[in-house]
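Right, one structure below, let's go through it.
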Amino acid sequence: MSLAQLREHARGRLERLGNGVTSQVWRLGFASRFLFYMVVHSGTALRRFRLTMAEIYFAGVLSLIIILVSGLFVGMVLALQGYETLQRFGASESLGVLVALSLVRELGPVVAGLLFASRAGSAITAEIGLMKATEQISAMEMMAVDPIARVVAPRFWGGVISMPILAALFSAMGIFGGYLVGVQLIGVDAGAFWSQMQAAVDLRNDIMNGVLKSVVFGIAVTWIAVFEGYDAIPTAEGVSRATTRTVVTSSLAILALDFVLTALMFTGGKSP
Amino acid sequence: MQQSPIVEIKNVAFGYDRARPVLRDVTLAIAPGSVIGIMGQSGCGKTTLLRIIAAQFLPTKGSAQVLGEATSQLDREGLYRMRRKMGMLFQFGALFTDMSVYDNVAFPLREHTALPEDLIHDLVMLKLQAVGLRGARELMPAELSGGMARRVALARSIALDPQLILYDEPFTGLDPISFGVIVRLIRELNDSLGATSIIVTHDVQEALGVVDYVYFMAAGKIIAQGKPDEIRQSREPFVRQFVNGARDGPVPFHYPAPDYAAEFELAGA
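Protein sequences appear in the order of chains Z and Y.
Start counting the first sequence at 1; every next residue gets the next number (our numbering).
Start counting the second sequence at 1001; every next residue gets the next number (our numbering).
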């Protein structure tokens, strides 16, 4: 390869890289404007709350089974693993604390968020994407009905409202699972299990922070889901790609946001 | 016809990107009360022209005046105000798949009026009666045939008694009976509502039977226009090929391709 060819080749690569980066930045900007517009035009979703209620049912209630079952099993496994370690130090009485803190601070919001992204987020993207592909969104525009206000915003708020409730239910179910295995199966003292938990878990530092996390995850996942759906290329392939992107992007967003939020919330503070 | 036109397109050019103009210098004026056909080959820009009229796209050059408003000067409010006087039938109906036939037709009424539910019921029934589907009110869009879905969509697009009805390929994929029904409905609804209709189609023979005036498009331009009889007798080679459905003519049968012999390595043979 001659020098000129090499230079041309390198320039081509550099151009592609630059194009890739600018298009991603452009997309992020577009998604932010989309979020802003959606929040400003949320009047319909809030005034006609029935529309949002339907989406809470769709995103929240229909996700209940997977959230509750997963929560139960995560709690049971936590108790098994936790007991293994704690009993070596003679601290098996603290099992309740371990299970509750792990769930409320981390696993509840994060795992529920990941499940929510794959169960509800993907469904929201696919539905909006297919509405676009079958011209239902255009039809609405032509009927002088703003599809962002009428279709997107109720789904967004439905997701944002559902997510913290799902995370809380996940944690509650997990603690119950921990109780089943720790107290009923292994035989940790029930009094110690509950009272240590009650003493060590702080409402503001632990529970509220956990709830805050789940609210942030809810906003992130639902925002990504509705945007990907609305921005999908209106073909079968485009919708399928958008759905995949929703699950991948929102899962990564949850993990990244979790790290940032944990760093802000739980470092330098008092230890339980 | 001395009334001022309901749609006036002047020297409009449009392209999705700079390299490929879809419309170049289109001018037309549509008188109120008429049924207009815009015909031409797939990809000639006729659907784009319809979308310019619907103000889904704004012309890159020239001006579009629709229902007395210049579309490029409308803000979102103005655009929606204009579209409330407009109905559009999409190629495959675009019914809301999560709503029943009844709710689909009631949708624009519920969104734009504060009418009590029993009045909405009567209006929906009237519109469904007009398209002959009063009995299908309970069905979901997935349970309808293509022709029925198109009729429901038609009922929905006339729910607010529009002054201008746009049809985007309304005949695609219909059996002859449904076809005839839709053609008759377009004419009847136009005349009974006192509306103006614009039909974009490539089903020439059938459409010529229903329209008052035809614009023929090719490569982003209007190449012929006139009353249906004038079009049938047109000497313009493209129009003749199109009206007669000839395989070859100004529009070649073959998509541009490399030389036949070279492609199959027949040169030496």
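Backbone N, C-alpha and C define an ideal beta-carbon position, used for all residues, glycine too.
Bear in mind the structure is a predicted one, so any value in this text is a computation, not a measurement.
From the options, residue whose alpha carbon lies closest to that of residue i
i	options	result
Z/Leu257	Z/Gly238, Z/Ser214, Z/Met76 and Z/Gly229	Z/Ser214
Z/Gly187	Z/Val61, Z/Leu95, Z/Val21 and Z/Ala242	Z/Leu95
Z/Val160	Z/Trp194, Z/Leu185, Z/Phe116 and Z/Thr262	Z/Phe116
Y/Phe1090	Y/Arg1084, Y/Thr1172 and Y/Ala1114	Y/Thr1172
Y/Pro1176	Y/Asp1203, Y/Ile1053 and Y/Arg1110	Y/Asp1203
Y/Glu1111	Z/Arg88, Z/Glu106 and Z/Pro147	Z/Pro147
Z/Ile66	Z/Glu84, Z/Ala144 and Z/Leu169	Z/Leu169
Z/Ile233	Z/Val69, Z/Ala10, Z/Ser162 and Z/Gly129	Z/Gly129
Y/Val1243	Y/Tyr1255, Y/Arg1024 and Y/Glu1230	Y/Glu1230
Z/Leu185	Z/Leu203, Z/Val77 and Z/Met173	Z/Val77
Y/Gly1015	Y/Leu1058, Y/Gly1040, Y/Phe1179 and Y/Ala1155	Y/Leu1058
Y/Leu1270	Y/Tyr1080, Y/Asp1118, Y/Ile1006 and Y/Val1131	Outside the displayed span of chain Y (1001 to 1269) sits residue 1270 of chain Y, for which this structure offers no information.
Y/Lys1010	Y/Tyr1102, Y/Ile1052 and Y/Ala1246	Y/Ile1052
Y/Phe1092	Z/Asn209, Z/Lys132 and Z/Leu35	Z/Lys132
Y/Pro1005	Y/Ala1262, Y/Gln1233, Y/Ser1197 and Y/Gln1241	Y/Ser1197
Y/Val1200	Y/Leu1185, Y/Ser1192, Y/Leu1193 and Y/Met1217	Y/Met1217
Z/Tyr230	Z/Arg27, Z/Leu14, Z/Val201 and Z/Glu8	Z/Arg27
Z/Leu212	Z/Glu8, Z/Pro164 and Z/Arg16	Z/Pro164
Integer Cβ distance of residue i from residue j, believed to fall under 8 Å
i	j	result
Y/Arg1151	Y/Leu1133	6 Å
Y/Ile1222	Y/Val1066	Rounded, the Cβ-Cβ distance is 17 Å, inconsistent with contact.
Z/Phe331	Z/Gly113	Outside the shown range of chain Z, which is 1 to 272, sits residue 331 of chain Z, and nothing can be said about it.
Z/Ala120	Z/Ser63	5 Å
Y/Ala1055	Y/Ser1063	No, Y/Ala1055 and Y/Ser1063 are not in contact; Cβ-Cβ is about 12 Å, not under 8 Å.
Y/Ile1036	Y/Leu1049	Not quite, the Cβ-Cβ distance comes to about 11 Å (not below 8 Å), so this is no contact.
Y/Val1105	Y/Lys1127	5 Å
Y/Ala1136	Y/Met1148	7 Å
Z/Pro154	Z/Leu35	So it is not a contact: roughly 15 Å between Cβ atoms.
Y/Thr1060	Y/Ala1013	6 Å
Y/Val1214	Y/Arg1187	So it is not a contact: roughly 15 Å between Cβ atoms.
Z/Val293	Z/Val201	Residue 293 of chain Z lies beyond the stretch modelled for chain Z, which goes from 1 to 272, so this question has no answer here.
Y/Pro1250	Y/Pro1237	5 Å
Z/Ser162	Z/Ala10	With a Cβ gap of about 49 Å, Z/Ser162 and Z/Ala10 do not count as contacting.
With 16 other Cβ atoms within 10 Å as the buried cut-off, status of residue i
i	result
Y/Asp1248	exposed
Z/Met1	exposed
Y/Lys1227	exposed
Y/Pro1258	exposed
Z/Trp157	buried
Z/Phe49	exposed
Z/Glu127	buried
Y/Ala1019	exposed
Z/Asp206	buried
Z/Gln136	buried
Z/Pro272	Interpretation of Z/Pro272 is limited by its pLDDT of 44, a score under 50 that renders its predicted location unreliable; the figure taken from the coordinates is listed afterwards. By the 10 Å Cβ count, Z/Pro272 comes out exposed.
Y/Ala1269	Because the pLDDT at Y/Ala1269 is just 49, under 50, the model does not fix this residue reliably, and the value given afterwards should be weighed accordingly. Y/Ala1269 is exposed by the Cβ-count criterion.
Z/Val110	buried
Z/Lys270	In this prediction, Z/Lys270 has a pLDDT of 49, which is less than 50 and means its spatial position is unreliable; what the coordinates show is noted afterwards. So Z/Lys270 ends up on the exposed side.
Y/Gln1205	exposed
Y/Asp1168	buried
Z/Phe193	buried
Y/Pro1116	exposed
Y/Tyr1260	exposed
Z/Ser70	buried
Z/Arg278	The question about residue 278 of chain Z has no answer here: the residues shown for chain Z are numbered 1 through 272.
Contact under 7 Å by Cβ, residue i with residue j
i	j	result
Z/Ser92	Z/Thr243	no
Z/Gly178	Z/Ala79	yes
Z/Thr246	Z/Ala225	yes
Z/Thr134	Z/Glu228	no
Y/Gly1045	Y/Ile1165	no
Y/Val1239	Y/Ala1224	yes
Y/Asp1212	Y/Ser1034	yes
Y/Leu975	Y/Leu1123	There is simply no residue 975 of chain Y to check, as chain Y begins at 1001 and stops at 1269 in what is shown.
Z/Ile175	Z/Gly108	no
Z/Ala139	Y/Ala1094	yes
Y/Ala1142	Y/Gln1163	no
Z/Ala190	Z/Val181	no
Z/Leu68	Z/Met173	yes
Z/Val97	Z/Met208	no
Z/Met53	Y/Arg1083	no
Y/Tyr1080	Z/Ala144	yes
Y/Leu1185	Y/Asp1161	no
Z/Ala167	Z/His41	no
Taking a Cβ distance cut-off of 9 Å, strictly less, list which residues of the segment 138 to 157 of chain Z are near chain Y, in chain order.
-> Hits within the stretch, in order: Ser138, Ala139, Met140, Glu141, Met142, Met143, Ala144, Val145, Asp146 and Arg150.
Can you give me, in chain order, the residues of the segment 1124 to 1146 of chain Y that have a beta carbon less than 8 Å from any beta carbon in chain Z?
-> From the segment 1124 to 1146 of chain Y, no residue has a Cβ closer than 8 Å to chain Z.
Where the segment 95 to 115 of chain Z meets chain Y: residues whose CB sits under 9 Å from a CB there | Flagged: no residues at all.
Could you please tell me which residues of the segment 1103 to 1120 of chain Y, in chain order, have their CB closer than 9 Å to any CB of chain Z?
-> Taking 9 Å as the Cβ-Cβ cut-off against chain Z, the residues of the segment 1103 to 1120 of chain Y that qualify are Phe1107, Pro1108, Glu1111 and His1112.
The segment 1071 to 1083 of chain Y: positions lying closer than 7 Å to chain Z by Cβ = With the criterion set as a beta carbon lying under 7 Å from some beta carbon of chain Z, the members of the segment 1071 to 1083 of chain Y are Tyr1080 and Arg1083, in sequence order.
Please name the residues in the segment 1048 to 1059 of chain Y whose beta-carbon is closer than 8 Å to at least one beta-carbon of chain Z, in chain order.
-> So the close ones are Ala1054 and Gln1056.
Going along the segment 237 to 254 of chain Z in order, which residues come within less than 8 Å of chain Y, judged by CB to CB distance?
-> The residues in question: there are none.
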